[in-house]
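Here is the structure we will look at.
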Amino acid sequence: MRVTVRLFARLRDIAGASELSRDTAPGATIGEIWRDLAREFPELAGYERSISTAVNADYARMDRVVSEGDEVAFLPPVSGG
Amino acid sequence: MAIAPRLTRAAQPPRRYTGPVIPLFAIGPSPLEVDRIAAALADAAAAAAGEDGAVVTFLGLVRNHNMGRRVRYLEYEAYEPLALKAFERIAREAGERWPDARLALHHRVGRLHVGEASVAIVVRSPHRAHAYAACRYAIERVKQIAPVWKREFFDGGDVWIEGATANPDDARARAEAERVACA
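Protein sequence lines, in the order shown, are assigned to chains A and B.
Per numbering that gives the first Met the number 0, the first sequence starts with residue 0, numbered consecutively.
Per numbering that gives the first Met the number 0, the second sequence starts with residue 0, numbered consecutively.
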């Protein structure tokens, strides 16, 4: 099952890409996708407690199960305004 | 004796502004046009416009200093579709707390220099107290839950600014924004 991962701000800098395509097992949660990414890019691990997550441009929790083709976004602490 | 031609009245009153109608909520690279945002808000509430007694406008500007650093410019980025939903959510929340207030909210992305506006919020209400409070509430909530980030370029380096972990369901954050708005 394939999902699109979106990364922003410093997370994007760490991974060197704003968008990644990743294979996951059916039934995978956002949290599992995050932990795979953090293994791939160890500098991400420090963000585990401070990120927000979204699926298809709606905020979602880490335990949310994703579906084929979903866009999963990882958002560092925000600083708009 | 010459007869002056009669001027025919237009069926519709002339519109004050021409060009495409701009939305109440927007995020993008274009400079913020606060007059047009205010006009869009007035048009959207045309039926109630006569009841409004106050318009409050807030512009957030790029400041030349931050935490002891001399700021050269900022680069903003956003998860734009989610940012738009966050702005609409903020307006709904403000409407729940101050039912007679209506607001418009635009945010910029891209490189912004010192003195440029990064965010514009316009609020109309029959009462100035509600307009001021809803406007303050909206900017506090932008800083809490809008998926927007600024990278600061200063004399000697650059850094991503990281503020709040965005969680729109965090009731304590929302209560804190209300408290600040009503202080």
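Backbone N, C-alpha and C define an ideal beta-carbon position, used for all residues, glycine too.
Cβ distance (whole Å) where residue i is taken to contact residue j below 8 angstroms
{"i": "P167 of chain B", "j": "E50 of chain B", "result": "Contact flag wrong, Cβ pair sits at about 30 angstroms."}
{"i": "R107 of chain B", "j": "L23 of chain B", "result": "Rounded, the Cβ-Cβ distance is 16 angstroms, inconsistent with contact."}
{"i": "V54 of chain A", "j": "I32 of chain A", "result": "About 10 angstroms; that fails the 8 angstroms criterion."}
{"i": "M0 of chain A", "j": "A24 of chain A", "result": "7 angstroms"}
{"i": "A133 of chain B", "j": "A85 of chain B", "result": "Actually they are not in contact, since the Cβ atoms of A133 of chain B and A85 of chain B sit about 16 angstroms apart, beyond 8 angstroms."}
{"i": "L58 of chain B", "j": "V33 of chain B", "result": "6 angstroms"}
Straight-line gap, residue i to residue j (C-alpha atoms, nearest Å)
{"i": "D201 of chain B", "j": "G79 of chain A", "result": "The structure shown does not extend to residue 201 of chain B, since chain B is modelled only from 0 to 182, so the question has no answer here."}
{"i": "L40 of chain B", "j": "I13 of chain A", "result": "40 angstroms"}
{"i": "R69 of chain B", "j": "G156 of chain B", "result": "10 angstroms"}
{"i": "I160 of chain B", "j": "L111 of chain B", "result": "15 angstroms"}
{"i": "E74 of chain B", "j": "A43 of chain B", "result": "31 angstroms"}
{"i": "P28 of chain B", "j": "F7 of chain A", "result": "17 angstroms"}
{"i": "A180 of chain B", "j": "I21 of chain B", "result": "27 angstroms"}
{"i": "G114 of chain B", "j": "A130 of chain B", "result": "25 angstroms"}
{"i": "R150 of chain B", "j": "N63 of chain B", "result": "14 angstroms"}
{"i": "S51 of chain A", "j": "F73 of chain A", "result": "6 angstroms"}
{"i": "W97 of chain B", "j": "R135 of chain B", "result": "12 angstroms"}
{"i": "D76 of chain B", "j": "R140 of chain B", "result": "The amino acid at residue 76 of chain B is misidentified as Asp; the sequence shows Glu. Cα-Cα distance, rounded: 17 angstroms."}
{"i": "G162 of chain B", "j": "K142 of chain B", "result": "8 angstroms"}
{"i": "E39 of chain A", "j": "A182 of chain B", "result": "46 angstroms"}
{"i": "L43 of chain A", "j": "R9 of chain A", "result": "9 angstroms"}
{"i": "R21 of chain A", "j": "R178 of chain B", "result": "43 angstroms"}
{"i": "R123 of chain B", "j": "D35 of chain A", "result": "48 angstroms"}
{"i": "E47 of chain A", "j": "M61 of chain A", "result": "10 angstroms"}
{"i": "V71 of chain A", "j": "G45 of chain A", "result": "19 angstroms"}
{"i": "E95 of chain B", "j": "L83 of chain B", "result": "19 angstroms"}
{"i": "A256 of chain B", "j": "R88 of chain B", "result": "Here chain B covers residues 0 to 182 and nothing more, so residue 256 of chain B does not appear."}
{"i": "R11 of chain A", "j": "Y58 of chain A", "result": "18 angstroms"}
{"i": "G67 of chain B", "j": "D69 of chain A", "result": "42 angstroms"}
Opening and closing residue of the alpha helix (DSSP H) in which residue i lies
{"i": "R178 of chain B", "result": "A170 to A180"}
{"i": "Y131 of chain B", "result": "R127 to I144"}
{"i": "E87 of chain B", "result": "E79 to R96"}
{"i": "I120 of chain B", "result": "Taken as a continuous stretch (DSSP letters only), I120 of chain B belongs to no alpha helix (DSSP H), being part of the beta strand (DSSP E) at A116 to S124."}
{"i": "A14 of chain A", "result": "A8 to A14"}
Beta carbon of residue i nearer than 7 angstroms to that of residue j
{"i": "D90 of chain B", "j": "L102 of chain B", "result": "Looking at the sequence itself, residue 90 of chain B is Ala, so the reference to Asp does not match. Yes. Within cutoff."}
{"i": "V65 of chain A", "j": "A16 of chain A", "result": "no"}
{"i": "P76 of chain A", "j": "T164 of chain B", "result": "yes"}
{"i": "A137 of chain B", "j": "A93 of chain B", "result": "yes"}
{"i": "T56 of chain B", "j": "V118 of chain B", "result": "no"}
{"i": "A53 of chain B", "j": "R173 of chain B", "result": "no"}
{"i": "E79 of chain B", "j": "I26 of chain B", "result": "yes"}
{"i": "V2 of chain A", "j": "L19 of chain A", "result": "no"}
{"i": "F152 of chain B", "j": "Y72 of chain B", "result": "yes"}
beta-carbon residue i near the ligand SAH non-hydrogen atom, thresh 6 angstroms
{"i": "L60 of chain B", "result": "The model on display carries no ligand, and the ligand SAH is accordingly not part of it."}
N-terminal and C-terminal residue of the beta strand (DSSP E) that residue i is part of
{"i": "L20 of chain B", "result": "At residue 20 of chain B the sequence reads Val, which differs from the Leu that was named. Looking at the DSSP string, V20 of chain B is not in any beta strand (DSSP E), and its letter there is neither H nor E."}
{"i": "F54 of chain B", "result": "The sequence shown places Val at residue 54 of chain B, rather than the Phe named in the question. From DSSP, the beta strand (DSSP E) with V54 of chain B extends over A53 to L60."}
{"i": "L31 of chain B", "result": "Element bounds for L31 of chain B: n/a, residue is neither H nor E."}
{"i": "D22 of chain A", "result": "E18 to D22"}
{"i": "D157 of chain B", "result": "G156 to I160"}
{"i": "A103 of chain B", "result": "R101 to R107"}
{"i": "V113 of chain B", "result": "Per DSSP, V113 of chain B belongs to no beta strand (DSSP E) and is neither H nor E."}
{"i": "A72 of chain A", "result": "E70 to L74"}
{"i": "V147 of chain B", "result": "V147 to F153"}
Min CB distance residue i to chain D below 7 angstroms
{"i": "L81 of chain B", "result": "Within the model displayed, chain D is absent; protein chains A and B are what it includes."}
Contained beta strand (DSSP E) runs [length at least 3] in the segment 34-66 of chain A, N- to C-terminal order: Taking only runs of at least 3 residues, the beta strand (DSSP E) segments lying wholly in the segment 34-66 of chain A are 51-54 and 57-59.
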